[in-house]
Amino acid sequence: MKRILPVLCALLLLAGCGPDLPPENPDRLQIVAAVFPAYDFARAAAGDLADVKLLLPPGAESHSYEPTPADILRVQRCDLFIYLGGESDAWVDTILSAVDMEGEALRMIDCVDLLEEETVEGMQGGHDHDHEHQEDHGHLGEVLSMDEHVWTAPLNAAAVTRTIGERLAALDPEHAGAYAAGAEAYALELEALDRDFAAFFNGLPDRTIVFGDRFPLLYFAEAYDLDYYAAFPGCGAQTEPSAATIAFLLEKVREEHLPAVWYIEFSNHLVADSIAEAAGVETAQFHTCHNVSRADLEAGATYLSLMRGNLETLRDHMSAAN
Numbered sequence: 042m043k044r045i046l047p048v049l050c051a052l053l054l055l056a057g058c059g060p061d062l063p064p065e066n067p068d069r070l071q072i073v074a075a076v077f078p079a080y081d082f083a084r085a086a087a088g089d090l091a092d093v094k095l096l097l098p099p100g101a102e103s104h105s106y107e108p109t110p111a112d113i114l115r116v117q118r119c120d121l122f123i124y125l126g127g128e129s130d131a132w133v134d135t136i137l138s139a140v141d142m143e144g145e146a147l148r149m150i151d152c153v154d155l156l157e158e159e160t161v162e163g164m165q166g167g168h169d170h171d172h173e174h175q176e177d178h179g180h181l182g183e184v185l186s187m188d189e190h191v192w193t194a195p196l197n198a199a200a201v202t203r204t205i206g207e208r209l210a211a212l213d214p215e216h217a218g219a220y221a222a223g224a225e226a227y228a229l230e231l232e233a234l235d236r237d238f239a240a241f242f243n244g245l246p247d248r249t250i251v252f253g254d255r256f257p258l259l260y261f262a263e264a265y266d267l268d269y270y271a272a273f274p275g276c277g278a279q280t281e282p283s284a285a286t287i288a289f290l291l292e293k294v295r296e297e298h299l300p301a302v303w304y305i306e307f308s309n310h311l312v313a314d315s316i317a318e319a320a321g322v323e324t325a326q327f328h329t330c331h332n333v334s335r336a337d338l339e340a341g342a343t344y345l346s347l348m349r350g351n352l353e354t355l356r357d358h359m360s361a362a363n
């Protein structure tokens with residue numbers, strides 16, 4: 042809240058002068074997406090009938106994002122604002138409570154059934170790994186919050202895309218059929234992606250993965266019945282795991298004969314590197330699609346292309362171990 046107040050004050054000062062925002066096309070819906078998945082699903086549903094803007098700058102971390110006055114005005118003036126509704130974009134609630142939106146807002150977490158984010162064995166702040174001192178501090182299995190990373194399961198992504206199509210159709214009934222068709226076409230591609238992931242994992246006798254990083258992939262893991270171990274929960278703020286956590290993850294890699302330790306995009310992957318080096322295995326990136334680099338954005342990256350890239354990486358690193 043404290044970091045948003047100066048921005049809101051600046052907004053009030055600038056409002057009378059009119060911040061230098063690009064002119065909007067009054068004949069097209071104006072959609073603002075807080076994060077890349079929402080941006081990708083919206084542009085798939087809208088096609089060329091709407092202007093879709095991504096609020097989070099390429100490469101930025103949503104947990105520490107600070108919106109500019111121009112960003113706040115974009116949210117206020119748009120026809121549809123799409124955001125997660127979770128911990129990583131808590132700043133949105135501050136904005137929405139401080140301005141009168143001219144359009145509507147849609148939370149992605151309202152489009153699907155939610156899962157509770159929990160600590161698992163080996164996770165920082167979780168289980169005590171001193172086997173000579175088996176004191177349970179009550180953290181293992183502790184519910185941290187509702188997990189917001191709903192898009193990481195392709196079927197959830199399809200559900201969000203269809204919901205966006207429905208909202209656009211309601212906002213612009215003249216083109217309702219086009220929005221429905223765009224959303225449905227992309228949703229069908231996402232369902233095909235889900236089948237490909239399922240076919241791959243169904244062919245593996247061992248579905249264990251270790252992340253030397255945060256793990257914002259609970260919905261993905263649940264969708265394909267994966268056993269996972271990680272250094273931190275999905276929205277964990279820590280960056281340095283304890284020696285016990287590193288030792289536990291290293292032991293898991295060795296016990297399960299895993300060929301790789303995983304990390305997520307924009308991570309320095311130092312933890313994954315250290316575990317992999319000690320175990321004599323490789324590291325591999327799983328792109329969560331939360332945000333993309335400017336190069337990826339300019340190259341036309343989509344949720345679908347990034348997730349298919351993940352599938353190929355999984356094939357390269359997990360097939361050899363089974």
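Start counting the sequence shown at 42; every next residue gets the next number (the working numbering). We put the CB at the ideal spot given by N, CA and C, even for glycine.
- prompt: Alpha carbon to alpha carbon, what distance is there between S334 and V312?
  reply: 22 angstroms
message: Is it buried or exposed, G321, if we count other Cβ atoms within 10 angstroms and call 16 or more buried?
response: exposed
- request: Under 8 angstroms by Cβ, that's how I've got I136 and P108 pegged, so tell me the actual separation to the nearest angstrom.
  value: 7 angstroms
message: I want to see whether chain C comes within less than 9 angstroms of F241, judged by CB atoms only; does it?
response: Absent here is chain C; the protein component of the structure consists of one chain.
- prompt: So, is E230 buried or exposed, given that buried needs 16 or more other C-beta atoms within 10 angstroms?
  reply: buried
- prompt: Do F82 and Y227 have their C-beta atoms within less than 9 angstroms of each other?
  reply: yes
Three-state class that DSSP yields for T343 in the structure shown: coil
message: Could you tell me the alpha carbon to alpha carbon distance between A288 and D92, rounded to whole angstroms?
response: 49 angstroms
task: Run the CB neighbour count on A85, radius 10 Å, all protein chains shown included, and call it buried at 16 or more, exposed below.
output: buried
message: Here's the rule: buried if 16 or more other CB atoms are within 10 angstroms of the residue's CB, otherwise exposed. What is D112?
response: buried
- prompt: Do V267 and L156 have their CB atoms nearer than 9 angstroms?
  reply: Note that residue 267 is Leu in the sequence shown here, rather than Val. Not closer than 9 angstroms, so no.
- prompt: Below 9 angstroms between beta carbons: does that hold for Y304 and F77?
  reply: no
field: Straight-line Cα distance separating F122 from L95
entry: 10 angstroms
field: T6, enclosing beta strand (DSSP E) - first and last residue
entry: Lying before the first or after the last residue shown, residue 6 is absent from the chain, which here runs from 42 to 363.
query: Taking the C-alpha atoms as reference points, what is the distance between A301 and F327?
result: 11 angstroms
task: Starting from the C-beta of E323, find all residues in its chain whose C-beta is less than 8 angstroms away, skip the five residues before and the five after it, and write them out in chain order.
output: P300, A301, V302, A317, H358
Helix, strand or coil at T109 according to DSSP, with G and I counted as helix: coil
- request: Please list, in chain order, all residues of the same chain as A221 whose beta carbon is under 8 angstroms from its beta carbon, the five residues on each side excluded.
  value: G206, E207, A210
- prompt: Just the Cα atoms here: how many angstroms apart are S138 and V294?
  reply: 47 angstroms
- prompt: So, are the CB atoms of T249 and Y269 less than 9 angstroms apart?
  reply: yes
- request: Take the Cβ of S103 as the centre, count every other Cβ of all protein chains shown within 10 Å, and call the residue buried at 16 or more, exposed below.
  value: buried
task: Note down the Cα distance separating D120 from D68, rounded to an integer number of angstroms.
output: 12 angstroms
- prompt: What span of residues does the alpha helix (DSSP H) with D314 cover, start to end?
  reply: 311–320
- request: Please check the pair L290 and A262, which I expect to be a contact at CB under 8 angstroms, by giving their CB distance rounded to whole angstroms.
  value: Their Cβ separation, rounded to whole angstroms, is 16 angstroms, which puts L290 and A262 out of contact at 8 angstroms.
- prompt: Nearest-angstrom Cα distance between A284 and V161?
  reply: 17 angstroms
message: Suppose contacts are defined by Cβ-Cβ distances below 9 angstroms. Is E189 in contact with L125 by that definition?
response: yes
- prompt: Out of V153, Y106, D337, Q117, which has the shortest C-alpha to C-alpha gap to M142?
  reply: Q117
message: Comparing C-alpha positions only, which one of L352, N351, H331, A79 sits nearest to A200?
response: A79
- request: Please name the residue or residues paired with M187 in a DSSP beta bridge.
  value: E157
query: What are the start and end residues of the alpha helix (DSSP H) that includes G223?
result: 217–243
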